[in-house]
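Novice:
In the UniProt record's numbering, the protein residues as written are 1 to 154.
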């Protein structure tokens with residue numbers, strides 16, 4: 001579940017709430033990777049960069065419960081992020097500069113916030129890399145990571 005906190009009029013901060021299974025994030029990423037994203041309108045987030053990111057860093061994984069899942073190649077993201085022109089850094093800049101108030105309908109809002117959630121989950125791991133889980137004590141020693149500020153949007 002997403003929780004949006006407003007900081008003034010300009011900024012929106014995304015905090016993550018726990019989901020039942022971390023695999024859900026992987027399945028959502030896999031579905032978006034396979035199906036692609038809707039074409040962006042002038043007011044919409046530039047999904048082409050995120051699609052390039054998924055094409056480069058989401059790779060076939062193993063079977064979990066009889067279902068083949070795709071996984072994020074965090075090693076490759078960590079290696080590539082040293083460049084300010086990396087896809088990872090570009091996506092974070094695009095989120096910072098994007099005004100979600102410009103989204104034109106409910107479908108665009110849902111797509112945007114689901115993708116922002118996934119980008120936030122990836123960022124949380126990358127910011128504390130290497131970790132073995134998004135729930136790692138390296139991310140937040142005293143409590144779960146879901147209430148941490150991780151992304152600034154707009």
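For each residue, glycine too, the CB sits at the ideal point set by N, CA and C. Please read these numbers as outputs of a predicted model, since none were measured by experiment.
Starting from residue 61, trace the alpha helix (DSSP H) both ways and give me its first and last residue.
Specialist: Position 61 of the chain shown, counted from the start, is the residue given in the question as residue 61. Segment 58-64 is the beta strand (DSSP E) holding residue 61; no alpha helix (DSSP H) there.
Novice: Mind checking whether residue 153 and residue 116 have CB atoms under 8 Å apart?
Specialist: Within the chain shown, the letter at position 153 stands for residue 153. Within the chain shown, the letter at position 116 stands for residue 116. Yes.
Novice: Going by Cα to Cα distance, which pick from 75, 92 and 83 is closest to residue 47?
Specialist: Indexing the chain shown from 1 puts residue 47 at position 47. Considering only alpha carbons, the answer is 92.
Novice: Nearest by alpha-carbon distance to residue 150: which of 118, 67, 132 and 131 is it?
Specialist: As a first step, residue 150 is located in the chain shown; it is residue number 150 there, counting from the start. For residue 150, the nearest C-alpha among the options comes from 118.
Novice: What does DSSP give as the partner residue(s) for residue 70 in the beta ladder?
Specialist: As a first step, residue 70 is located in the chain shown; it is residue number 70 there, counting from the start. In DSSP, residue 70 forms a bridge with 60.
Novice: Give every residue of the same chain whose Cβ lies closer than 6 Å to the Cβ of residue 86, excluding the five residues on either side of it in the sequence, and list them in chain order.
Specialist: Taking the chain shown and counting its residues from 1, one reaches residue 86 at position 86. Once the five neighbours on either side are set aside, the close Cβ partners of residue 86 are 80.
Novice: Kindly give me the distance between the Cβ atoms of residue 72 and residue 58, rounded to whole angstroms, as I take these residues to be in contact under 8 Å.
Specialist: On the chain shown, residue 72 is found 72 positions in, with the first residue counted as 1. On the chain shown, residue 58 is found 58 positions in, with the first residue counted as 1. For residue 72 against residue 58, the beta-carbon gap comes to about 6 Å, under 8 Å, which counts as contact.
Novice: Evaluate residue 105 with the Cβ neighbour count: other Cβ atoms within 10 Å of its Cβ, from every protein chain shown; 16 or more gives buried, anything less gives exposed.
Specialist: The sequence position of residue 105 within the chain shown is 105, counting from 1. It is exposed - the Cβ of residue 105 has fewer than 16 other Cβ atoms within 10 Å.
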